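Just below is one structure, and these are the notes that go with it.
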Amino acid sequence: MIRRYIPLVLALHLAAPAVAAPEGQQTLFSFIKPTDVVKVESQAASFPELTAEATPEGEVLRRYTFNAADNPSLRLSPQTGDWDWSQAGAMSLRLQNAMDWAITLEVHIESRDGKQLTSRIALPAGPAQTLLVPLAATSPRVQGMRAAPPMPVTVDGQRVLLADTVEGELSVTQVSAVTLSMSKPDAAQSILLGRFGVQAGDAAQKAVYTGIIDAFGQYSRGQWPEKVSKDQQLRDGAAREAEQLKTWLAERPQQDKFGGWLGGPSFEASGFFRSEKRDGRWYLVTPEGNPFYSLGVNAVSAWQSQTYVEGRESMFSALPKDGEPLAAYYGKRDSRSDSGASRGRAFDHGRWFDFYRANLQRSHAQPCPVAPTPLAATPAPAEAVSCPPPGFDAERWTQHALDRLQAWGFNSLGNWSDDTLGAAKRMPYSIPLSISGDYATISTGHDWWGGMPDPFDPRFAMAAERAIAIATRDRRDDPWLLGFFADNELAWAAPGTDPKARYALAYGTLRLTTDVPAKRAFLKQLRDKYRNQSGLSKAWGIELKAWELMEDPGFEAPLPSAEFPQIEKDLQSFQQLFAETYFKTIADSLKWHAPNHMLLGGRFAIATPEAIEACARHCDVLSFNFYVREPQHGYDFATLRALDKPVLVTEFHFGSRDRGPFWGGVAETYKEEERGPAYAHFLARALEEPAIVGVHWFQYLDQPASGRLLDGENGHFGLVAITDRPWQGFVEAVRKANLAVPAQWLPKAAQAPAKP
């Protein structure tokens, strides 16, 4: 590709006023009045006009067009030497998207020693703004959250677009170039350019995050129809909802007390939940013998909406003062962790505040009674009777949450739901087996929730036995218990399709020392097969001079190849043994402690065929967390059907970014109005798959916009807002889809009882 050098001799004198640079901003170069201090190079891009143009807002900018090519770019560099940006906090560029749609720009800032910062910028359509790219690696995690507030925002009267994620490193005393580029645009895309320079300090960056959360826990700068601005709105909304719930609860379809549908096929009543296959379709069966399609919701809880405030109090515009009634919803915790989910996160311990329970108090607390007026000729002013501040009413919340779920067509409580809900004996529930201990772990390079438990370690079996004994205590004879999950989203592999990702568990094990039981098990498997290093060397195409060299830490197995097929077979064999040992350990213990209840699988997010096959051998149900448009996009169901086990979708959701929280979730829609149709489509496609016996939505509540305690996630994918107001349009669509399940799922001849 030919690089073009743009002569910088076009000084323009236009009548339209220029927007003044913000305080602390140093201009190095202007695309409107260029000088020869900066060298401008283009690749598959150009300035199509010799003159600048005025925007509708009266600002004068210069058009630059990226052509349809692999990597069209604009490169800025000093004519001589390097830039010293040691006194600056960010690179600044005045620019505007000249298209009617959002585009994505890639920014690269290079230093003479080869270091580089990179950032991807979502540039919305609309008026001009000042792009700020921090001169050090950063991300929203630095602010304690998964996703950053929407951009641009107004700072000191100017629209500012702060790059929220910057990767790499830079030697700020020897900055050699800045490049703007686009990745393979399908057609020419244009932007308008103004001043290029640097911004001193980090005042603008701090301003972006100041006061962004209001008194109700909502995003303060956004507007949406359901946004709350005063307490009375909460009380009025609660009153309206109460009337609606009465109507909806009265319209529920015929079900047994466990949520199984009447009028469908009949099964043997065992007194507990179980599964059965009939006429090619899998069913869950209620204790009373009726077909049950599990429509569940995860994390139905009043205790998972806290957000850290300590150290970032300026982010919140109206936290309660100590001594005020709502100060009862402060607390302290430490969520520091070395897991992948928490890596790079700040503000992960200290004081928190619970906006959700504070909003419950605002919605439902009754004012203190007023003291009676004294009998006197001149009445004294009425005074409030002294009474304690109202607190969280757990019983009211429990019954209200169950009313909601049943009115909305759900019949199951998913993982991590409050124990009080299951204890109410109105809806079946499930329990996670969270196995923790000091056993060895293996890194697959993913480790989102931590390393893989080493099932060959005797301490793992002890930890599993302890966790299962605790989880089954007082529950082994509970007919309302749907079953137990074998942990959640373990790192059975690494992301990607290359062999190092596919067999990450085997490769990661061989890199460890022989102090790790899993490595000893792998080496034993290989020695039993090959006897010595000579046999292994021949099978793997390597030169292993001594068997003991495999015992050393850091041993790297070769990649699979067609020439040496035993490499892949051996990696598979170990991963089969690993998964078999893991699931058998848990299944054997659960059969001892709770023989009447199902083991509902491992809630796979990343999995291998070996793990899924072992799960199918030892569990009653296979479970997957599918963040895709439809379940069939999550895994090959032809493969799953061959395993002949029922499948439960234990997590799915569709979020958006237009209702406050800044993250749209793993599966994101463009706007709120698309969430309901996406839910209905997912459920309809699940009903078409004869192996699927239920789907569980993640989750009941929106996450705090400023990030949850566990890992800073801050998504809008709840049924209910942080204000405890349901997302009305969404729950109406969900209810409609849920109530249609019997007609779509039950055999046509058995949808209604036969007439006498």
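Take the sequence shown: its letters are residues -20 to -1, 1 to 736, numbered as in mature numbering (1 follows the signal peptide of the UniProt record, and there is no 0). Backbone N, C-alpha and C fix where the C-beta goes; we use that ideal spot for every residue, glycine too. Source: prediction; values computed, not measured.
The C-beta separation of residue 655 from residue 634 comes to about 5 Å, placing the pair in contact by the 8 Å criterion.
Secondary structure note for residue 395: it is in no alpha helix (DSSP H), with a DSSP letter that is neither H nor E. In this chain, residue 448 is not harboured by any beta strand (DSSP E); it is covered by the alpha helix (DSSP H) spanning 438 to 452. For residue 301, the secondary structure class from DSSP, reduced to helix, strand or coil, is coil.
Between the segment 329 to 345 and the segment 281 to 288 there are three or more inter-stretch CB-CB distances shorter than 8 Å, so the stretches are counted as touching. For residue 480, the enclosing alpha helix (DSSP H) stretches over residues 479 to 482. Within the DSSP bridge table, the entry for residue 9 names 176 as partners. Under DSSP, residue 605 forms a beta bridge with 631.
Exclusion of the five residues before and after residue 651 leaves 636, 638 as the residues of its chain whose Cβ lies within less than 8 Å of its Cβ. Taking the C-beta atoms as reference points, residue 244 is found nearer than 8 Å to residue 726. Contact between residue 701 and residue 293 is absent: CB atoms are separated by about 23 Å, not below the 8 Å threshold.
The continuous alpha helix (DSSP H) containing residue 554 extends over residues 546 to 573.
Rounded to the nearest angstrom, the gap between the Cα atoms of residue 430 and residue 490 is 18 Å. Residue 646 sits in coil when the DSSP states are folded into three classes, being neither helix nor strand.
Taking a C-beta distance under 8 Å as the contact criterion, residue 141 and residue 109 qualify as a contact pair.
Going by beta carbons, residue 390 and residue 47 fall outside the 8 Å limit.
In this structure, the alpha-carbon of residue 52 lies about 28 Å from that of residue 5. Going by DSSP, residue 85 is part of the beta strand (DSSP E) stretching over 83 to 91.
Between residue 418 and residue 513, the alpha-carbon positions lie close to 33 Å from each other. Going by DSSP, residue 507 is part of the alpha helix (DSSP H) stretching over 497 to 510. One alpha carbon belongs to residue 653, the other to residue 55, and they sit about 41 Å apart. Between residue 171 and residue 77, the C-beta spacing is below 8 Å. Between residue 392 and residue 239, the C-beta gap is smaller than 8 Å, which places the two residues in contact. Here residue 486 carries a helix assignment [DSSP, helix/strand/coil]. Note on geometry: alpha-carbon atoms of residue 494 and residue 151 lie some 42 Å from one another.
In this structure, residue 260 lies near residue 670, with their beta-carbon atoms less than 8 Å apart. Here DSSP, grouped into helix, strand and coil, assigns residue 21 to strand.
Counting only unbroken stretches of 3 or more residues, the beta strand (DSSP E) elements lying wholly within the segment 103 to 180 are 109 to 114, 133 to 135, 138 to 142, 155 to 161, 169 to 180, in sequence order. According to DSSP, residue pairing for residue 257 in a beta bridge involves 262. In the DSSP assignment, residue 332 falls outside any alpha helix (DSSP H) and within the unbroken beta strand (DSSP E) covering 329 to 334. For residue 592, the enclosing alpha helix (DSSP H) has its first and last residue at 589 to 598. Apart from sequence neighbours up to five positions away, the residues of its chain that approach residue 608 with a beta-carbon distance below 6 Å are 614, ordered along the chain. Distances from the alpha-carbon of residue 535 to those of 542, 71, 541, 524 put 524 closest.
In the three-state reduction of the DSSP assignment, residue 77 falls in the strand class.
Residue range 672 to 677 is occupied by the beta strand (DSSP E) that includes residue 677. Contact check between the segment 62 to 69 and the segment 78 to 88: fewer than three CB pairs, one atom from each, fall below 8 Å, which does not count as touching.
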